[in-house]
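Number of protein chains: 4
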Amino acid sequence: MRNDLKEKVKNFKVEVPSWGFSDSGTRFHVFQIPGAARNAFERIEDAAQVDKYTKAVSAVAIHIPWDRVDNWKDLVRFARDKGLKLGAVNPNLFQDEDYKFGSLTNLDDKKRAKAIDHVLECIDIMRSVESKVLSLWLPDGTDYPGQGDFAKRQSLLIDSLKKIYSAMANDMTLLIEYKFFEPAFYHTDTADWGIAYALSKDLGDRAKVIIDLGHHAQGTNIEYIVSILSSRAKLGGFHFNSRKYADDDLTVGSVNLYELFLIFVELNKFFDLSSDKKPALVIDQSAAMKPKIQATIQSVEALQIAYLKSLLVDTKALETAQLKNDIVLSEEIIKDAFLTDVRPILKQSREEIGLDPDALGAFRKSGYEESMALKRG
Amino acid sequence: MRNDLKEKVKNFKVEVPSWGFSDSGTRFHVFQIPGAARNAFERIEDAAQVDKYTKAVSAVAIHIPWDRVDNWKDLVRFARDKGLKLGAVNPNLFQDEDYKFGSLTNLDDKKRAKAIDHVLECIDIMRSVESKVLSLWLPDGTDYPGQGDFAKRQSLLIDSLKKIYSAMANDMTLLIEYKFFEPAFYHTDTADWGIAYALSKDLGDRAKVIIDLGHHAQGTNIEYIVSILSSRAKLGGFHFNSRKYADDDLTVGSVNLYELFLIFVELNKFFDLSSDKKPALVIDQSAAMKPKIQATIQSVEALQIAYLKSLLVDTKALETAQLKNDIVLSEEIIKDAFLTDVRPILKQSREEIGLDPDALGAFRKSGYEESMALKRG
Amino acid sequence: MRNDLKEKVKNFKVEVPSWGFSDSGTRFHVFQIPGAARNAFERIEDAAQVDKYTKAVSAVAIHIPWDRVDNWKDLVRFARDKGLKLGAVNPNLFQDEDYKFGSLTNLDDKKRAKAIDHVLECIDIMRSVESKVLSLWLPDGTDYPGQGDFAKRQSLLIDSLKKIYSAMANDMTLLIEYKFFEPAFYHTDTADWGIAYALSKDLGDRAKVIIDLGHHAQGTNIEYIVSILSSRAKLGGFHFNSRKYADDDLTVGSVNLYELFLIFVELNKFFDLSSDKKPALVIDQSAAMKPKIQATIQSVEALQIAYLKSLLVDTKALETAQLKNDIVLSEEIIKDAFLTDVRPILKQSREEIGLDPDALGAFRKSGYEESMALKRG
Amino acid sequence: MRNDLKEKVKNFKVEVPSWGFSDSGTRFHVFQIPGAARNAFERIEDAAQVDKYTKAVSAVAIHIPWDRVDNWKDLVRFARDKGLKLGAVNPNLFQDEDYKFGSLTNLDDKKRAKAIDHVLECIDIMRSVESKVLSLWLPDGTDYPGQGDFAKRQSLLIDSLKKIYSAMANDMTLLIEYKFFEPAFYHTDTADWGIAYALSKDLGDRAKVIIDLGHHAQGTNIEYIVSILSSRAKLGGFHFNSRKYADDDLTVGSVNLYELFLIFVELNKFFDLSSDKKPALVIDQSAAMKPKIQATIQSVEALQIAYLKSLLVDTKALETAQLKNDIVLSEEIIKDAFLTDVRPILKQSREEIGLDPDALGAFRKSGYEESMALKRG
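The following block contains the structure:
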């Protein structure tokens with residue numbers, strides 16, 4: 045069994061976000077992290093550090109325009125030299141003054157066309173960087189009752205999405221992200237999984253829903269949404285992070301590791317996460333106060349731990365207990381897996397592929413941060 | 045204009061719930077209200093009082109088995125004599141010991157069949173009482189991780205619903221109700237509008253979603269859900285009540301009248317609520333501490349007031365302001381309607397049809413409560 | 045170190061609630077658990093089963109009038125024969141028709157006096173059963189704006205509490221419980237820790253605050269409240285349970301074990317929980333769907349596990365990391381303790397005092413439940 | 045009666061925030077508002093516009109360092125020439141890199157002293173600008189478990205506050221602001237009114253609590269906190285704004301006007317808000333999407349409307365109804381006041397002091413915005 049587990053976790057790969065390696069913050073202030081990456085190349089350089097110590101990075105998700113470079117082939121080659129690929133492409137529909145009153149939902153035909161064009165440009169970039177996933181977060185919404193006409197906006201959104209969807213190649217997937225609130229404070233056009241699901245049905249099989257763990261109302265049972273979307277073949281991916289209050293974007297697993305584990309328990313019923321046939325697993329954190337590479341290593345490790353724990357669930361015994369409506373035993377089977385310390389398995393699997401068992405510690409001792417602080421200032 | 049409004053509100057009718065006229069409470073205690081109705085006939089008698097003073101009651105929603113009588117025709121005739129019809133039929137899937145581990149999702153074929161049979165019996169009752177709406181709230185869910193298999197339960201639910209749906213006549217509508225939590229505390233099988241919507245799509249055009257105002261996570265923008273469901277032809281009805289915290293089931297409009305008004309503003313875009321072609325508008329309150337008939341009159345009046353205010357919105361001016369992205373003016377147009385005191389219109393419309401302009405005051409002075417307290421004990 | 049830990053956990057005792065052994069439920073239905081206890085003696089009999097398999101029960105908290113018996117000495121003797129004491133005494137201020145509009149805050153002098161008298165009776169019972177803790181949960185509140193005068197109610201509450209407080213012996217402690225909402229749905233007179241704290245300051249040193257883990261708004265950082273109250277010498281005890289939504293009263297640790305662990309990390313800074321000098325640690329669950337004794341054993345074990353994990357925190361290293369503002373290392377020290385599987389320590393400690401290492405399994409196999417189902421029906 | 049009301053509202057004055065007249069936004073983007081104020085003088089110029097059309101501005105709250113000028117007397121004179129005073133002084137403890145790990149709670153003596161010195165400088169500025177209110181919002185908190193030692197931080201905070209408090213003149217008031225979360229996402233040192241209250245008790249009579257309407261958990265009954273703090277003589281003031289989700293900082297009254305009205309109903313029990321003896325009433329919005337002056341006029345008007353409505357409550361009748369526990373009548377008395385359209389009273393009171401009855405419309409037509417857009421770019 046432990047050998048099985050080790051092979052599983054060795055083949056469990058996640059995407060890291062380029063934007064997780066640069067300074068971020070709140071509306072109140074962006075604190076500076078010494079040595080934080082300043083451009084796409086430096087962000088990939090830092091992502092490679094995460095992979096160096098974990099061998100768990102499948103790709104680096106990029107954000108346009110933040111990661112725009114003159115020559116995409118150069119960036120792909122730079123990544124490949126570091127053993128990395130470029131992953132999901134994320135358009136930016138929230139930082140242009142023209143999007144003040146909406147991007148894909150803007151009433152102004154020109155501004156809406158500009159937003160669509162930006163996404164189409166991202167599809168071109170996908171071709172250049174050999175990415176198969178377009179990850180679309182729509183910040184559109186309104187702040188006050190009356191500000192917008194909900195139905196008209198929804199209708200414009202569907203039109204915009206159809207234009208985008210039809211421009212995508214057959215092997216590309218469109219991930220529609222939903223969010224409860226922020227930056228809009230009255231209504232958000234894609235406020236919940238239900239809307240994202242309905243939109244993805246309007247489009248077709250290559251449109252799916254992406255779940256960001258920080259984008260729900262308090263109390264939402266996210267693992268149940270995972271089940272619903274998976275059984276309807278509409279789960280497309282994750283933005284992994286943690287939150288205690290709103291969209292806090294904390295490092296993965298830092299608030300309720302049990303919830304993360306239960307999400308993996310559901311995922312295992314539908315996917316082999318150690319294979320290629322799986323939803324996009326992307327970390328999306330902006331750990332404003334933590335050194336960026338350390339924070340990302342923490343997030344990768346939290347995902348590995350949750351995944352390993354989830355594999356320990358005795359599914360046969362669980363099914364039997366469920367059939368008897370033995371609630372206590374069913375829960376104990378789940379808890380037994382969660383309470384088991386899987387770190388020895390993780391450490392051994394690292395050693396078997398030539399890594400330091402203590403990925404975070406090894407990176408901290410490597411001197412990389414200090415040298416980058418000097419180099420990048 | 046005011047004549048228009050008076051005609052509108054005269055023709056605006058809502059259903060009142062039979063269960064709103066009997067004692068109710070919390071898990072801690074059910075306080076006794078002197079004279080509260082004890083059976084279906086008394087509940088209709090009390091509903092007729094609401095109609096007597098408001099002329100705004102379209103029908104009385106019934107709950108099976110609470111309202112079960114020996115001869116349905118007797119109850120229909122009794123209602124008709126009071127000027128009332130029977131409205132939506134509500135099955136009860138939460139009070140039988142056999143449903144401890146689920147009703148329409150129960151793993152046990154016999155118990156699941158029992159639950160389905162109960163709903164089928166309700167469809168028979170619909171025929172007997174000439175009701176066209178089956179209002180289905182599914183309390184099923186689990187309390188602990190591991191207790192149930194989400195996907196298996198969802199699959200059983202779809203099977204059960206298909207059996208129910210196929211037994212319904214072509215002119216009957218199935219309303220699927222969703223609820224965030226309670227009585228289940230870990231997961232609820234129909235937890236949100238997205239699930240109810242997807243299920244209604246699985247079934248067909250006569251399956252729709254019913255919105256209970258108390259069944260959402262904190263912060264949810266309900267009027268936006270109204271818009272989404274309406275534009276997708278899946279809004280089937282409402283259970284009107286108020287809540288500050290969870291599913292508090294308070295009288296309508298008692299927490300945030302502005303939210304109720306905004307819901308009506310959306311509804312007006314899709315429906316003429318003074319006509320017959322509209323979603324089922326059902327009050328669903330259990331005002332544990334208030335005298336029942338008074339509480340229902342308050343709820344009816346809150347709906348009338350919110351409806352009248354919503355009709356005051358200058359939709360032309362609003363559209364123009366929205367096209368200019370004039371947020372302040374758009375909001376002012378909405379607020380202007382809300383801030384207007386529509387009670388004079390309501391009072392005049394009552395007088396014009398021979399009612400006391402002060403419905404609540406007239407009922408309070410009528411002596412009905414005192415006589416019922418004596419008669420019913 | 046492990047020997048230290050084993051001694052610690054052997055001496056870590058919690059109170060179990062008598063009411064946790066009888067049927068409970070939601071406002072929708074109370075499902076029957078076969079063999080559930082029907083009176084105070086049976087409840088103590090069942091509590092003794094929890095202690096038999098865990099040796100972790102310090103006392104049985106009782107609820108008046110549910111646990112009222114003809115002769116208190118008989119009940120004390122019965123408990124003592126089972127190796128148990130009676131613990132915190134909990135008055136009931138929510139089930140009498142006279143308390144419909146308030147108990148300790150009732151405007152009616154007679155009804156308020158009746159409520160006070162009930163609590164004074166409980167203080168007498170404390171003397172009879174040698175209990176030192178009066179655990180006061182006040183359900184008082186209002187459902188609608190205008191229903192009550194906040195300030196007048198608060199003033200009456202202070203008067204009532206002063207009468208109660210002055211009747212207590214010098215070695216008795218009054219614990220004031222707060223709750224965000226339910227059964228009142230507009231305002232609750234003791235809605236949060238701040239009010240309970242201010243009231244306890246009004247009274248004196250023997251009045252303290254008790255924290256029920258299910259009585260907070262979503263997102264509340266409970267471990268921080270633990271710290272604030274402890275540092276101000278006003279933390280009096282806990283009602284341990286779990287919730288995902290509202291006051292769900294689930295078994296301890298079933299929603300977020302990390303939060304429970306963090307609460308113990310704070311407690312360790314102020315108290316030695318393996319000693320007698322500590323806050324009242326009382327389980328307060330009403331696991332409606334689970335067999336009662338099993339559910340309580342689960343809760344006891346969750347507390348033992350959280351306590352053991354909390355003892356593993358390397359507080360020296362943590363202090364050093366905190367002084368360096370090394371957020372990542374500080375968090376890793378906390379997480380390292382949490383991720384360690386302490387069940388081997390718990391099992392060994394059980395074996396050393398003659399218990400089965402698998403408390404829950406041993407009880408399940410004992411046949412007690414089956415025999416009680418037969419005996420009690 | 046109406047004359048009374050008109051006099052009341054004529055003498056009802058609120059502070060407007062200087063920062064409400066400059067660009068603001070979310071962490072995602074700060075959208076530009078054409079002509080928004082760029083410095084302290086322009087902000088006062090814009091505040092004067094609000095006063096010009098409402099005559100309801102008592103003072104302009106300032107924020108240091110944003111409003112720092114070379115010569116404070118110049119700014120005071122500039123304001124006085126516009127008919128305005130400077131109001132509450134707000135230190136900024138969140139935008140300096142030295143405060144990354146805390147300001148008044150920083151473990152580093154030098155950084156903590158720097159934060160204290162900044163507040164002491166603000167007290168000096170209070171003397172220069174003849175302000176009597178120091179309005180202290182502490183952003184300090186942590187993002188991850190383990191990051192900080194709660195109790196040590198609290199102890200440092202008390203020390204820092206004592207230094208600040210002792211530097212204040214006898215006629216100065218320290219307002220302590222609390223906030224549920226943000227910018228910290230695990231714990232906030234002054235997370236709720238209870239902490240702010242306890243701190244204010246530690247300091248003395250001139251320390252009080254300020255309530256920001258956006259700084260609470262979902263569902264919190266704010267009007268009850270108003271009552272509790274007022275009856276304990278610790279309510280010091282308000283930061284008025286609206287929120288649907290988190291600290292959305294929307295214009296006042298835009299989400300739930302009824303809640304605002306109920307807050308005023310409570311305030312009237314303790315204060316004459318048309319007099320000088322009242323808590324500091326400060327608008328604190330950052331209406332990112334609305335033109336700033338218009339947004340502030342909307343907020344002023346929302347406060348005037350809520351205040352006028354609250355004055356309509358028939359307190360005698362309410363007291364009688366409450367004494368009878370007539371919940372329905374009590375609520376109706378409250379609702380009757382709320383449903384009354386007070387805008388005619390407001391308009392007449394404006395006309396009587398020479399204002400345009402439509403303050404917002406008059407400003408919109410004045411051309412001020414257009415000329416500022418040209419002048420300020």
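Residue numbers (the working numbering), protein chains in the order written: chain Z, 45 to 421; chain P, 45 to 421; chain Y, 45 to 421; chain B, 45 to 421.
Note that CB positions come from ideal geometry on N, CA and C, so glycine has one too.
Quantities reported herein were computed from a predicted structural model and do not represent experimental measurements.
For the beta strand (DSSP E) that contains T217 of chain Z, what are its first and last residues? As a working mapping, residue 217 of chain Z is identified with position 173 in the first sequence. Where T217 of chain Z is concerned, the enclosing beta strand (DSSP E) stretches over 217-221.
Are there three or more Cβ pairs, one per stretch, closer than 8 Å when the segment 348-358 of chain Y is compared with the segment 300-308 of chain Y? yes
Round the Cβ separation of L243 of chain Y and I266 of chain Y to the nearest angstrom and send it over; I've been treating them as touching at under 8 Å. Taking the third sequence and counting its residues from 1, the one referred to as residue 243 of chain Y is at position 199. Taking the third sequence and counting its residues from 1, the one referred to as residue 266 of chain Y is at position 222. No, L243 of chain Y and I266 of chain Y are not in contact; Cβ-Cβ is about 19 Å, not under 8 Å.
Please report the Cβ distance between F85 of chain P and F122 of chain P, rounded to the nearest whole angstrom; I am assuming they are in contact, meaning their Cβ atoms lie under 8 Å. Along the second sequence, one-based indexing puts residue 85 of chain P at 41. Along the second sequence, one-based indexing puts residue 122 of chain P at 78. Yes, they are in contact, since the Cβ atoms of F85 of chain P and F122 of chain P sit about 6 Å apart, within 8 Å.
At 4 residues or longer, what runs of the alpha helix (DSSP H) sit wholly inside the segment 166-235 of chain P? 194-210
Endpoints, beta strand (DSSP E) assigned at P335 of chain Z: Here residue 335 of chain Z refers to the residue found at position 291 of the first sequence. That residue, P335 of chain Z, is in no beta strand (DSSP E); it is neither H nor E in DSSP.
Helix, strand or coil, according to DSSP, for V309 of chain P in the structure here? As a working note, residue 309 of chain P is residue 265 in the second sequence. It is helical.
Neighbour flag for V354 of chain P against chain Y, beta carbons, 8 Å: Reading the second sequence from its first residue, position 310 is the one you call residue 354 of chain P. In the sequence under discussion, the amino acid at residue 354 of chain P is Ser, which differs from the Val named in the question. No, S354 of chain P does not count as interfacial toward chain Y.
Can you give me the C-alpha to C-alpha distance between P323 of chain B and A80 of chain B, rounded to a whole angstrom? Counting from one through the fourth sequence, the residue named residue 323 of chain B turns up at place 279. Counting from one through the fourth sequence, the residue named residue 80 of chain B turns up at place 36. Spanning the two alpha carbons is a distance of roughly 29 Å.
Which term fits N285 of chain Y, buried or exposed, when burial requires 16 or more other beta carbons within 10 angstroms of its beta carbon? By one-based count along the third sequence, residue 285 of chain Y stands at place 241. Per the 10 Å Cβ criterion, buried.
Let me make sure I understand the geometry here. Which of Y:L362, Y:G280, Y:P335, Y:L390 has the alpha-carbon closest to that of V326 of chain Y? Taking the first residue of the third sequence as position 1, residue 326 of chain Y is located at position 282. Closest option to V326 of chain Y, Cα to Cα, is Y:G280.
Going by Cα to Cα distance, which pick from Z:Y209, Z:L200, Z:I169, Z:E226 is closest to D187 of chain Z? Taking the first residue of the first sequence as 1, we reach residue 187 of chain Z at position 143. If we check each option's Cα against that of D187 of chain Z, Z:E226 comes out closest.
With DSSP as the reference, please indicate the residues paired to G405 of chain P in a beta bridge. Position 361 of the second sequence, counted from the start, is the residue given in the question as residue 405 of chain P. BP columns for G405 of chain P are empty, so no partner.
Cβ pair T295 of chain Z, A332 of chain Z closer than 8 Å: Reading the first sequence from its first residue, position 251 is the one you call residue 295 of chain Z. Reading the first sequence from its first residue, position 288 is the one you call residue 332 of chain Z. Cβ atoms of T295 of chain Z and A332 of chain Z: not closer than 8 Å.
List, in order along the chain, the chain Y residues whose C-beta lies closer than 7 Å to that of S374 of chain B? Here residue 374 of chain B refers to the residue found at position 330 when the fourth sequence is read from its first residue. Correct list: G190, Q191.
Measuring alpha carbon to alpha carbon, tell me which residue in Z:I160, Z:E414, Z:P388 is nearest V53 of chain Z. Along the first sequence, one-based indexing puts residue 53 of chain Z at 9. Of Z:I160, Z:E414, Z:P388, the residue nearest in Cα terms is Z:P388.
Measure the C-alpha to C-alpha separation of A159 of chain Y and D153 of chain Y and round it to an integer number of angstroms. Here residue 159 of chain Y is taken as the residue at index 115 of the third sequence, counted from 1. Here residue 153 of chain Y is taken as the residue at index 109 of the third sequence, counted from 1. Cα to Cα, the separation comes out at about 10 Å.
Selection from Y:D402, Y:R394, Y:A417 that minimises the alpha carbon distance to L49 of chain Y: The residue you call residue 49 of chain Y lines up with position 5 of the third sequence. Nearest option by C-alpha distance: Y:R394.
Inspect the CB distances between the segment 133-144 of chain B and the segment 178-187 of chain B and report whether three or more fall short of 8 Å. yes
Can you name the residues of chain P whose CB is closer than 7 Å to the CB of G466 of chain B? Here chain B comprises residues numbered 45 to 421, so residue 466 of chain B is not present and cannot be evaluated.
Which residues mark the beginning and the end of the beta strand (DSSP E) in which P135 of chain Z is found? Along the first sequence, one-based indexing puts residue 135 of chain Z at 91. Here the beta strand (DSSP E) through P135 of chain Z covers 130-135.
Below 6 Å CB to CB, which residues in the same chain sit around K117 of chain B once its five sequence neighbours on both sides are set aside? For the purposes of this step, residue 117 of chain B is identified with residue 73 of the fourth sequence, where counting begins at 1. There are no such residues.
Which partner residues of G421 of chain B appear in the DSSP bridge assignment? As a working note, residue 421 of chain B is residue 377 in the fourth sequence. Per DSSP, G421 of chain B has no beta bridge partner at all.
Chain B partners of L306 of chain P, CB-CB under 7 Å? The residue you call residue 306 of chain P lines up with position 262 of the second sequence. The contacting residues do not exist; L306 of chain P stays about 10 Å from chain B at best.
According to DSSP, is S286 of chain Z helix, strand or coil? Translated into positions along the first sequence, residue 286 of chain Z becomes position 242. It is a strand residue.
Given the structure, does F72 of chain B come close to the ligand HEM, in the sense that its CB is under 7 Å from one of the ligand's heavy atoms? Ligands displayed in this structure: none; no statement on the ligand HEM is therefore possible.
The segment 97-117 of chain B in contact with the segment 340-347 of chain B per 3-pair CB rule at 8 Å: yes
Would you mind telling me which residues of chain P sit closer than 7 Å to R276 of chain Z, beta carbon to beta carbon, in chain order? In the first sequence, counting from the first residue as 1, residue 276 of chain Z sits at position 232. Think of a sphere of 7 Å around the beta carbon of R276 of chain Z: the chain P residues whose beta carbon falls inside it are A242, in chain order.
Y230 of chain P at chain Y interface by Cβ criterion, 8 Å: Numbered from its first residue, the second sequence carries residue 230 of chain P at position 186. Residue contact check for Y230 of chain P against chain Y: a CB pair falls below 8 Å.
Contact set between M333 of chain B and chain P, taken where Cβ atoms lie within less than 7 Å: What you label residue 333 of chain B is simply residue 289 of the fourth sequence in a count that begins at 1. The contacting residues are I371.
If we require 3 or more residues per run, which beta strand (DSSP E) segments fall completely within the segment 255-285 of chain P? Taking only runs of at least 3 residues, the beta strand (DSSP E) segments lying wholly in the segment 255-285 of chain P are 279-284.
Return the CA-CA distance between A103 of chain B and D203 of chain B, expressed in angstroms with no decimal places. Stepping through the fourth sequence from its first residue, residue 103 of chain B is reached at position 59. Stepping through the fourth sequence from its first residue, residue 203 of chain B is reached at position 159. Taking the straight line from one Cα to the other gives about 31 Å.
With DSSP run on the structure shown, which of helix, strand or coil describes V53 of chain P? Residue 53 of chain P sits at position 9 when you count from the first residue of the second sequence. The answer is helix: DSSP assigns V53 of chain P an H, G or I state.
Euclidean distance between Cα positions of T234 of chain Y and Y289 of chain P: Here residue 234 of chain Y is taken as the residue at index 190 of the third sequence, counted from 1. Here residue 289 of chain P is taken as the residue at index 245 of the second sequence, counted from 1. Approximately 16 Å, taken between the alpha carbons.
Could you say if the segment 399-410 of chain P and the segment 62-73 of chain P meet the contact criterion of at least three C-beta pairs nearer than 8 Å? no
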